[in-house]
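A.B. asks: My questions will all concern the structure given below.
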Ligand code: KL2
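Structural data, given as C-alpha cells:
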C-alpha cells in the first residue's frame with residue numbers, strides 16, 4: 002500500500018488553513034465575508050494522462066507497479082477524484098478520444114456536466130475538454146483552436162486549444178459572461194519558438210471571444226498544461242503581458258531543461274505575417290478592402306486600420322497581450338521556498354500546469370481608508386494546495402495507487418462580484 006497524500010484548501014481570503022485529507026470533507030467552502038451580489042464557481046485543471054501516451058513513453062513510468070498503469074485501474078480513480086472535488090468547470094488535457102466517447106463523456110454527463118472537446122490534429126489520440134455544470138452556466142459559444150497551420154512551416158505540431166464563452170446562471174442580477182480557455186502546449190523543450198506562437202494563437206482567440214461591446218474583456222480563466230515552468234520567459238509573458246525576446250535561445254523559452262548548447266536564437270519576428278496575428282497577440286484586420294471599392298468608399302476607420310498594419314509592425318522583438326492575468330498558485334511553499342510540482346515521473350518533477358485568471362483590480366480612491374473600487378475580474382477565494390517532489394516520492398511518485406495521472410489536479414474557487 003502506498004498511502005495517501007494530503008492536500009488542503011488554502012483559504013486565500015482569511016488565510017485559515019484547515020487540513021483535510023485527500024478525498025476528505027466535501028463541504029469545506031472558505032469562510033469569506035458573504036456578499037449578496039456574487040457568483041461563486043470552482044475550476045479544475047487536470048492533465049489525466051492519455052493511455053496511448055503512457056504506453057508510448059513507458060520509460061517515464063518504470064517506477065510504477067504495473068497494475069496501476071492500466072486504464073481500467075486509472076479511470077475509476079480519476080473519476081472518483083473529479084466527482085469528489087465537484088468543480089463547476091473542468092479543463093482536462095490528454096483526453097483520449099476513444100475513452101472520451103465510451104467512458105469519460107458519458108460519466109461526466111451523468112455527473113451533470115456539459116462537455117465540449119477538441120481533438121488534436123494529425124491523427125493524434127488525445128485532445129482537450131472543457132466541461133461545465135448545467136446548473137451553473139449556459140453555453141454561449143464554442144471556439145476550438147488548431148495550432149497546426151499548413152501555410153506556416155513553423156506551425157507543424159498538432160497541439161490545440163479550446164475556448165468557451167459561458168453565461169453564469171443567476172436568478173436575479175445580470176452577469177457578464179466568463180471566458181474559459183484550455184490548452185496543452187507542445188512538449189518539446191527545445192522548441193520555445195513554437196510554444197510562444199501557440200500561446201499567441203490562444204491569446205488571440207481569447208481576445209476575440211472575451212471582447213465586450215464597451216471594448217473591455219469579460220473575466221477570463223485560462224487553464225492548461227503549458228509545458229513551461231514558473232519564471233520562464235513564456236510564463237513571465239503570460240503574467241507580465243509583455244516579453245522582449247531579443248537574443249533569447251529557443252531552448253530557454255520554457256525553462257524545462259537547463260542546457261541550451263548550440264541553440265538557435267528566436268528570430269524576429271517569431272512567426273511570419275501570414276499567420277495573421279499581431280505582436281500584441283490579436284487577430285489582424287486581414288483584408289485590405291476589395292478593389293471594386295474606390296478610395297472614396299473607404300471610411301476613415303478602414304484606412305486607419307490599414308495604416309496600422311503597415312506601420313506598427315516594424316521588426317520589434319517585443320510581444321504583448323492585453324489581459325492582466327494572475328496565477329492561482331504561487332509555485333513555491335512560502336515557509337521553505339521549496340517548489341510546488343504539478344507533474345512527477347521518473348524524468349522530472351516540475352510545475353507545468355496552471356490556472357490563470359483575470360484578477361479583480363483594486364483601484365484605490367485617494368486617502369487611506371477610502372472605498373476600494375473593485376472592477377472587472379475575479380476574486381480568488383481558495384485553492385487546493387499542491388505538493389513537493391519529496392511528498393510525491395513518499396507515495397512512489399505518479400501515477401500511484403490513488404493518484405492515477407502523472408499530473409495532479411489543480412483547483413481554484415473564484416468569486417465574481419456583480
Ligand atoms: O510534459 V506532458 O508529457 O505535458 O505531461 O506533454 C507531453 C509529454 C505529452 C503530449 O505530447 O506527451 C508527453 N519525453 C517525455 N514526455 C513526452 C515525450 C518525450 N519525448 N513526448 C511526449 N511526451
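Numbering (my numbering), first residue to last: 2 to 419.
Where a beta carbon is used, it is the ideal one built from N, C-alpha and C, also for glycine.
(1) At what residues does the alpha helix (DSSP H) containing residue 85 begin and finish?
(2) Classify residue 123: buried if its beta carbon has 16 or more other beta carbons within 10 angstroms, exposed otherwise.
(3) Does the beta-carbon of residue 253 have 16 or more other beta-carbons within 10 angstroms, so that it is buried, or is it exposed?
(4) Please work out which residues of its chain come closer than 6 Å, Cβ to Cβ, to residue 79, disregarding the five sequence neighbours upstream and downstream, and give them in chain order.
(5) Is residue 399 near the ligand KL2, going by C-beta to nearest heavy atom under 7 Å?
(6) Going by beta-carbon coordinates alone, are residue 393 and residue 350 separated by less than 8 Å?
(7) Who pairs with residue 1 in a beta bridge, going by DSSP?
(8) Could you tell me if residue 175 is buried or exposed, where buried requires 16 or more neighbouring beta carbons within 10 angstroms of its beta carbon?
(9) So residue 234 is in the alpha helix (DSSP H); what residue range does that whole segment cover?
(10) Identify whether residue 7 lies in helix, strand or coil by the three-state DSSP scheme.
(11) Would you give the residue range spanned by the beta strand (DSSP E) that residue 354 belongs to?
(12) Evaluate residue 309 with the Cβ neighbour count: other Cβ atoms within 10 Å of its Cβ, from every protein chain shown; 16 or more gives buried, anything less gives exposed.
(13) To the nearest angstrom, how far is it from the Cα of residue 1 to the Cα of residue 187?
(14) Which residues does DSSP pair with residue 145 in a beta bridge?
(15) Enumerate in chain order the residues of its own chain whose CB-to-CB distance from residue 113 is below 7 Å, with the five nearest sequence positions on each side excluded.
(16) State the DSSP-derived secondary structure class of residue 333, mapped to helix, strand or coil.
C.D. replies: Taking the structure as given:
(1) 72 to 86
(2) exposed
(3) buried
(4) 49 and 405
(5) no
(6) A contact, by the Cβ cut-off of 8 Å.
(7) Any question about residue 1 goes unanswered here, given that the chain covers just 2 to 419.
(8) exposed
(9) 234 to 241
(10) strand
(11) 354 to 359
(12) Low confidence applies to residue 309: its pLDDT is 44, below 50, so where it sits in the model is not reliable, and the reading given next is rough at best. Counting Cβ neighbours within 10 Å, residue 309 comes out exposed, since fewer than 16 surround it.
(13) The question about residue 1 has no answer, for the chain in this structure spans 2 to 419.
(14) 163
(15) 134, 135 and 136
(16) strand
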